[in-house]
Amino acid sequence: MFVDIIEILQFLIKESNNAHLKSHCSRSTLSQMESYNQQEIIRILLCERYPNTPLPEEINSEINKLIRWQNDNKLHTSVQSLTNNYNMANATVSLWKGDITTLTDVTAIVNAANSTLLGCFQPRHKCIDNVIHIAAGPDLRQACYNLMQSKSEPTGSAKITPGFNLPAKYVIHTVGPIIHNESVTKREQEQLASCYQSSLEALEMLNDEKDKSIAFCCVSTGLFAFPKELASTIAINTVHDYLKTHPNSTIKHIVFNVFSNEDKEVYENNLQVLPRDSSQISLESDAPTNLNLDKAKAWLQEADCLIISAGAGLSASEGLDYSSKALFQREYNPFLKYGITSLYGTIGFPWPSKLDFWNFFIYHYTNLYKKWGPNDTYQKLLGLLMQFEDSFVITSNADGFFVKNGFEKDRVLTVQGNYANIQCSKNCRPDAYRSMDEMVDKYPLTSKDQIPRCHYCGSEMTMFLRMGNYFNSAIVKNERNNYNEMLNRIINTNKKAVILELGVGLNTPSVLRWPNEDKVERYPANFKLIRVGMGPSSTVPLDNIENTVVINGDIKKVVQLLNK
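The sequence shown runs 228 to 791 under this note's numbering.
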């Protein structure tokens, strides 16, 4: 193991005096913990940790190794590759939507800090302050603590520190105004302008390089509640005025970094007055880079066989996000009356009647199998898969997207079932199932007589989904046999296989995630694992990373890059 994650955990847990965690901090207990949970505990305890006592050097070193590894797994974007560019005085201004901690070749990024500059101590907060401190590591908080000496930074001013584990050389911490009652005073507008002015001045004073670059987050528009439209106008005007009054400025590239589509639209509207920088406009979007991506491509080129192992994150990348309230509101209007707000809410939902149960699943099947068109990401995966002499898909998704997009049905194992079949609720015999198609024209069901029944035992039918011990695994027996035969061929003939795992989280880790890890561990000469996704889908056991790469990023984008 390149990082002693257990040593880190034991130190932070003991230091925290968290009674619950301390009762579970033996090396054996921590070693058996899922890798994502190990790393989450470290993130939480570091976020809550006050820096009055520096970390021991050896622990700090291990933590920094872990954070650098986590950062290296992310897709990075160079400021030099940005394409949405404008001319402003003697500088280039770019608008970029993405994670500011993944921006490379940038001199400094700006953090919207609180007055202590120590970062956010709330692990659940998704504020930019938290994001930057997590990616930089505990040395950033320690540096801010040493710099501030328990003093408070005035609103509108800025301080600069090294970036530590960040790609950026420096972090500029500026304290924006906090807005109350949605009313913005002239003083608060001046304070926000001062944030941008002070940040530019702090960077200008650095005797670092001739052509400097800076990336601004949207200061004060998050939890500090500054109106986005006004904040964008102030940001652009302040930068413009600074560059006009500093014709010899060493700052040559300014990036306005946004994280939401709403923020991007606001900035695009306000930047329209500037001339476009046509020298760097490209038909392609900003090109992310990642060393793990290069390794993954090399593994795919060397492999004889490809196994695509897909979880919910893959379909979510194409819009079928089970956690999306907007999707359910838009596509499932007839079922809002039940108080359901997302597709996740339908899993195990206590429908008032069997008619309601069937009407939802008929509607859902029709939506996914009949109305939803071919998906770009799946088409790219199909093209990738066709390059191999032997290939297979195993998925926990029941949506049928693989077969819909042209994958061979007998080479796709829907291990958790699918919406295309209905089965006997008693599982009276292996062949007691049939197609869901028979129900489509009956929607909406209005009578109990329309509820389908088993042709053999007369029991009610139910969905072919792993919702109980009645699940009829024989329905996909042929596909399971084909999959097992492929695995045996790989091992017995000493073939090289790549498992391309996409969006597999922790909802049912024993279905895909753990078996994938087990193959790589037991047969290192035959299997390599490329794990793609975010959150839980972007972690692996750290004691087995030689034959595993992680790409922490949007699946749709990663699949596109793997095809280049």
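Glycine included, each C-beta is placed from N, C-alpha and C at the ideal position. All figures in this text were calculated on a predicted structure; none of them were measured in a lab.
DSSP bridge partner residues for Gly760 (one or two, in chain order): Answer by DSSP bridge pairing, in chain order: Asn779.
Own chain residues within Cβ distance below 8 Å of Glu409, not counting five before or after: Cβ contact annotation for Glu409 (same chain, cutoff 8 Å, sequence separation greater than five): Ala452 and Pro454, in chain order.
Residues bridged to Trp323 [DSSP beta-bridge criterion]: Asn484
Beta-carbon proximity check, Ala701 vs Pro742, cutoff 8 Å: no
Top-ranked residue by Cα proximity to Val834, from Lys552, Val446 and Gly538: Beyond the ends of the chain as shown, which are 228 and 791, falls residue 834; an answer cannot be given.
Residues bridged to His400 (per DSSP): Paired residues: Asn338 and Lys386.
Asn705: first and last residue of the uninterrupted alpha helix (DSSP H) it sits in: Lys704 to Asn719
Phe555 versus Glu545: straight-line alpha-carbon distance, rounded: Using only the alpha carbons, I get a separation of about 15 Å.
Backbone CA spacing between Val747 and Lys598 [nearest angstrom]: 38 Å
Three-pair Cβ contact test at 8 Å for the region 433-442 versus the region 327-336: yes
Span separating the alpha-carbon of Lys581 from that of Leu367: 57 Å
Sequence-distant residues of the same chain with beta carbon closer than 7 Å to Thr568, five excluded per side: Lys552 and Phe555
Nearest-angstrom beta carbon gap, Leu608 and Ile535 [assumed within contact, 8 Å]: Yes, Ile535 and Leu608 are in contact; Cβ-Cβ is about 6 Å, under 8 Å.
Exposure of Gln349, with buried meaning 16 or more beta-carbon neighbours within 10 Å: exposed
Enclosing beta strand (DSSP E) for Met688 [first to last residue]: Met688 to Leu692
Buried versus exposed call for Glu511 [16 or more other C-beta atoms within 10 Å across all chains shown]: Any reading at Glu511 must be qualified, since the residue scores a pLDDT of 49, below 50, and its modelled position is unreliable; no value is offered.
Identity of the residues DSSP links to Ser440 by a beta bridge: Beta-bridge annotation (DSSP): Ser440 is paired with His480.
According to DSSP, residues forming a beta bridge with His591: Bridge partners of His591: none, in fact.
Simplified DSSP assignment, three categories, for Pro365: helix
Terminal residues of the beta strand (DSSP E) in which Val620 lies: Residues Asp617 to Thr622.
For Asn300 and Ile782, believed in contact at Cβ under 8 Å, the rounded distance: With a Cβ gap of about 14 Å, Ile782 and Asn300 do not count as contacting.
Asn648 beta carbon less than 8 Å from that of Met666: no
Alpha carbon of Gly633 to alpha carbon of Gln606, nearest angstrom: In this structure, the alpha-carbon of Gly633 lies about 8 Å from that of Gln606.
Residues near Gly732 in its chain [Cβ-Cβ closer than 8 Å; skip 5 each side]: Gly538, Ala539, Gly540, Arg740, Gly760, Gly762, Pro763 and Ser764
Separation of Glu417 from Ser542, as counted between CA atoms: 46 Å
DSSP state of Lys746 mapped onto helix, strand, coil: helix
Residue burial classification, His247 (beta-carbon count within 10 angstroms, cutoff 16): exposed
Residue range of the unbroken alpha helix (DSSP H) whose run includes Ile235: Ile232 to Ser243
Per DSSP, the bridge partner or partners of Met315: Met315 pairs with Ala318.
Separation of Ala363 from Ile399, as counted between CA atoms: 13 Å
Proximity below 8 Å, CB of Val446 to CB of Thr388: The answer is no: Cβ separation not under 8 Å.
Cβ neighbour criterion (16 or more within 10 Å) applied to Met613: exposed
Val639 to Val630 span [Cα, whole Å]: 8 Å
Pairwise C-alpha distance: Ser288 and Met375: 24 Å
Phe229 burial status per 10 Å Cβ neighbour count (16 or more: buried): exposed
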